[in-house]
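A.B. asks: Here it is, the structure, as structure tokens.
Written out as structure tokens, the structure reads:
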């Protein structure tokens, strides 16, 4: 288990397109990695459909259980983009014109896109937010995300989500970074190392020791990854795993196997 | 919304490696697609850590809410593989040697792998299952998954998971397949089509009409996808969307945009 003093995060991916298989998720890995780096480890992900009751109930459940909730998806201009109004409903606050978001978008459509596109009612919905929302900048396509309480509402398009997270991250108070130390052993099956590995895990209770078999065209093996907020402990645990692999006849290599 | 007569599915991805960003999920899209084809649409995904209380509570919550629960991950031989015993705890049944799984694995290690690997206690855990488990074959690496009640327990390694799902799928009683019809319009921004699209969605309440902007090196645009269990309705709705795109000055192309 990561250090229990670290704040925790939950990611809500809102969108039928992931649940239907149309779209390959590209946001979990990015956010999981970045949140680990700033010491707010991701402890749960949910993918839910564009259904108002589901979004409202889920937001309320997870914002009570985790220190931070990040949502992606459902903040565009179309009828299936209902995340923003659902977050307002979850918090029990009005959903209303956000003066600064409105001004940014009106200026963008008047000046930058004048003649090509207009700030029509569909786009005005993207400047309509729960009362009290603090904007999250969007360097890619103007329409901002927002933070309300401990809920951070971002776009689902990966390029836009990443821009929003870059703008949001400096405002988040994290804990110690979660570090990762790995070793792998080509040809060594996971089932041989299991018993010795459990004994090492038992001595390093503050770390997560993960065991991941890999299957590559140039050979199979097992990778062991120690994760936690204590770099010295992670290094020491992986040194013990390395010695275990050698005792079992393996030839361990530091780090993850090449992809 | 998909046809309410379709059985529903929830996917539980069990594993710290997805939550830490080490591993890119490769199972959601595969299972979402295959479950749609057999008419058991995926309605929720959760990614949860290798923590017993979390697994037990989540299994019990979602097996009551969905017709089918599919789990991936946590059925290997190492200390962090605790899915099987947690499913037993969730159902309140003993976790015990499964005679057929045990016999398959003992034979495999004695005959096929004789001299290279042994059926040691770590591997014996993979033949230990909740009482009443029905095996799911594993053509890749022998150790079976299992079904208990409406919970289907599979491996997390994508190649093994797919083999298990292929073996399981014929036993699942699905509903009408979820079909998908799409059209896209290069150069047409999502914000222009939003209003007309909402009106079409309102006339086809049994379909999900999704609007997905795309950003490609050779140009941007918007794709509209109709999903549901009535192919004629999906085709008719997309014909209306096509006419709407043309009225707005777009040049719609049937199908999804090239990747």
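Chains as they are written, first to last, in our numbering: chain A, 1 to 259; chain B, 1 to 259.
For every residue, glycine included, the Cβ atom is placed at its ideal position computed from N, Cα and C.
All values derive from a computational prediction rather than experimental measurement.
1) I'd like to know if residue 244 of chain A contacts chain B, where contact means its C-beta is closer than 8 Å to some C-beta of that chain.
2) Can you name the start and end residues of the beta strand (DSSP E) that residue 267 of chain A belongs to?
3) Since residue 200 of chain A is in the alpha helix (DSSP H), which residue starts that stretch and which ends it?
4) In the DSSP output, what is residue 129 of chain A paired with across the bridge?
5) Flag residue 308 of chain B as yes if its beta-carbon sits less than 8 Å from any beta-carbon of chain A, otherwise no.
6) Count Cβ pairs between the segment 220 to 236 of chain A and the segment 184 to 193 of chain A that sit closer than 8 Å; are there 3 or more?
7) Just verifying my parser: in three-state terms, what is the DSSP assignment at residue 110 of chain B?
8) What residue range does the alpha helix (DSSP H) around residue 43 of chain A cover?
9) Taking any Cβ of chain B, which residues in the segment 9 to 30 of chain A have a Cβ under 7 Å from it, in chain order?
10) Specify, as a first and last residue, the run of the alpha helix (DSSP H) that residue 82 of chain A falls within.
11) At the 8 Å Cβ level, is residue 79 of chain B part of the contact set with chain A, yes or no?
12) Does any residue of chain B bring its CB to less than 8 Å from the CB of residue 60 of chain A?
13) Could you tell me the distance, in whole angstroms, from the CA atom of residue 236 of chain B to the CA atom of residue 124 of chain A?
14) Look up residue 20 of chain B in the DSSP assignment and say whether it is helix, strand or coil.
15) From A/156, A/215, A/10 and A/190, pick the residue whose C-alpha is nearest to that of residue 119 of chain B; which is it?
16) For a contact meaning CB atoms closer than 9 Å, what does residue 194 of chain A contact in chain B?
17) With a cut-off of 8 Å, does the C-beta of residue 162 of chain B fall near any C-beta of chain A?
18) Check whether the segment 53 to 66 of chain A touches the segment 72 to 81 of chain B, taking contact to mean three or more Cβ pairs, one atom from each stretch, closer than 8 Å.
19) Which of helix, strand or coil does DSSP assign to residue 228 of chain A?
20) Is the CB of residue 48 of chain B under 8 Å away from at least one CB in chain A?
21) Assuming residue 94 of chain A and residue 131 of chain A are in contact, meaning their beta carbons sit under 8 Å apart, how far apart are those beta carbons, in whole angstroms?
22) Contact defined as beta carbons within less than 8 Å: I believe residue 210 of chain B pairs with residue 16 of chain A. What is the distance between those atoms, to the nearest angstrom?
23) Distance check for residue 66 of chain B and residue 142 of chain B, CA to CA, integer angstroms please.
24) Find the residues of chain B that neighbour residue 133 of chain A, judging by a C-beta separation of less than 9 Å, and give them in chain order.
25) Enumerate, from N- to C-terminal direction, the unbroken beta strand (DSSP E) stretches of 3 or more residues contained entirely within the segment 130 to 193 of chain B.
26) Are the CB atoms of residue 104 of chain B and residue 144 of chain B within a distance shorter than 8 Å?
27) From the DSSP output, read off the bridge partner residues of residue 328 of chain A.
28) Which residues, in chain order, does the segment 203 to 224 of chain A contribute to contact with chain B at a C-beta distance below 8 Å?
29) Would you say residue 57 of chain A faces chain B, with C-beta separation under 8 Å as the test?
30) Output the distance between the C-alpha atoms of residue 207 of chain A and residue 41 of chain A, rounded to the nearest integer angstrom.
31) Rounded to a whole number of angstroms, what is the C-alpha to C-alpha distance between residue 12 of chain B and residue 195 of chain A?
32) Determine, for residue 33 of chain A, whether the minimum Cβ-Cβ distance to residues of chain E falls below 8 Å.
33) Assign residue 241 of chain A to one of three DSSP states: helix, strand, or coil.
34) Between which two residues does the beta strand (DSSP E) harbouring residue 32 of chain B extend?
35) Could you name the residues of the same chain whose beta carbon sits closer than 6 Å to that of residue 192 of chain A, not counting the 5 residues immediately before and after it, in chain order?
36) For the candidate residues B/36, B/81 and B/29, whose alpha-carbon lies nearest to that of residue 50 of chain B?
C.D. replies: In terms of the structure at hand:
1) In the first chain, counting from the first residue as 1, residue 244 of chain A sits at position 244. With 8 Å as the cut-off, residue 244 of chain A does not count as an interface residue toward chain B.
2) The question about residue 267 of chain A has no answer, for chain A in this structure spans 1 to 259.
3) As a working mapping, residue 200 of chain A is identified with position 200 in the first chain. Element bounds for residue 200 of chain A: 190 to 203.
4) Translated into positions along the first chain, residue 129 of chain A becomes position 129. Per DSSP, A/96.
5) Since the first and last residues shown for chain B are 1 and 259, residue 308 of chain B lies out of range.
6) yes
7) Start at 1 with the first residue of the second chain, and residue 110 of chain B comes out as number 110. DSSP places residue 110 of chain B in helix when its eight states are reduced to three.
8) Indexing the first chain from 1 puts residue 43 of chain A at position 43. Run containing residue 43 of chain A: none in the alpha helix (DSSP H); it sits in the beta strand (DSSP E), 42 to 48.
9) 16, 17, 18, 19, 20, 21, 22, 24, 25, 28 and 29
10) Position 82 of the first chain, counted from the start, is the residue given in the question as residue 82 of chain A. Unbroken run through residue 82 of chain A: none, as it is neither H nor E.
11) Counted from its first residue, the second chain places residue 79 of chain B at position 79. So, interface residue.
12) In the first chain, the residue the question calls residue 60 of chain A occupies position 60. No, residue 60 of chain A does not count as interfacial toward chain B.
13) As a first step, residue 236 of chain B must be located in the second chain, where it is residue number 236. As a first step, residue 124 of chain A must be located in the first chain, where it is residue number 124. The straight-line gap from Cα to Cα measures roughly 29 Å.
14) Stepping through the second chain from its first residue, residue 20 of chain B is reached at position 20. In the structure shown, residue 20 of chain B sits in coil (DSSP, three-state: anything other than H, G, I, E or B).
15) Residue 119 of chain B sits at position 119 when you count from the first residue of the second chain. Among A/156, A/215, A/10 and A/190, the Cα nearest to that of residue 119 of chain B is on A/190.
16) The count along the first chain starts at 1 and reaches residue 194 of chain A at position 194. Residues of chain B passing the Cβ test: 76, 77, 78, 79, 81, 120, 121, 122, 123 and 125.
17) As a first step, residue 162 of chain B is located in the second chain; it is residue number 162 there, counting from the start. No, its Cβ sits nowhere closer than 8 Å to a Cβ of chain A.
18) no
19) The count along the first chain starts at 1 and reaches residue 228 of chain A at position 228. DSSP places residue 228 of chain A in strand when its eight states are reduced to three.
20) Residue numbering aside, residue 48 of chain B sits at position 48 when the second chain is read from its first letter. So yes, residue 48 of chain B belongs to the interface.
21) Here the question's residue 94 of chain A lines up with position 94 in the first chain. Here the question's residue 131 of chain A lines up with position 131 in the first chain. Confirmed, about 5 Å.
22) Position 210 of the second chain, counting from 1, holds the residue named residue 210 of chain B. Position 16 of the first chain, counting from 1, holds the residue named residue 16 of chain A. That belief holds up - the Cβ atoms of residue 210 of chain B and residue 16 of chain A are roughly 6 Å apart, short of 8 Å.
23) Within the second chain, the letter at position 142 stands for residue 142 of chain B. Within the second chain, the letter at position 66 stands for residue 66 of chain B. Answer to the nearest angstrom: the Cα atoms are 29 Å apart.
24) The sequence position of residue 133 of chain A within the first chain is 133, counting from 1. Within 9 Å Cβ-Cβ: nothing; residue 133 of chain A doesn't reach chain B, min ~20 Å.
25) 134 to 136, 145 to 148, 151 to 154 and 179 to 186
26) Stepping through the second chain from its first residue, residue 144 of chain B is reached at position 144. Stepping through the second chain from its first residue, residue 104 of chain B is reached at position 104. Against a cut-off of 8 Å, the Cβ pair of residue 104 of chain B and residue 144 of chain B comes out as a contact.
27) This structure cannot speak to residue 328 of chain A, because chain A is shown only from 1 to 259.
28) 208, 209, 210, 211, 212, 213 and 215
29) For the purposes of this step, residue 57 of chain A is identified with residue 57 of the first chain, where counting begins at 1. So no, residue 57 of chain A is outside the interface.
30) Reading the first chain from its first residue, position 207 is the one you call residue 207 of chain A. Reading the first chain from its first residue, position 41 is the one you call residue 41 of chain A. Taking the straight line from one Cα to the other gives about 13 Å.
31) The sequence position of residue 12 of chain B within the second chain is 12, counting from 1. The sequence position of residue 195 of chain A within the first chain is 195, counting from 1. Whole-angstrom Cα-Cα distance: 27 Å.
32) Absent from the structure is chain E; the protein chains it does hold are A and B.
33) Residue mapping note: residue 241 of chain A aligns to position 241 of the first chain, counting from 1. Correct three-state label for residue 241 of chain A: helix.
34) Within the second chain, the letter at position 32 stands for residue 32 of chain B. That residue, residue 32 of chain B, is in no beta strand (DSSP E); its alpha helix (DSSP H) goes 28 to 37.
35) Along the first chain, one-based indexing puts residue 192 of chain A at 192. Counting only Cβ-Cβ distances below 6 Å, and skipping sequence neighbours, we find 248.
36) Counting from 1 along the second chain, the entry for residue 50 of chain B is found at position 50. Comparing Cα-Cα distances from residue 50 of chain B to each of B/36, B/81 and B/29, the minimum goes to B/81.
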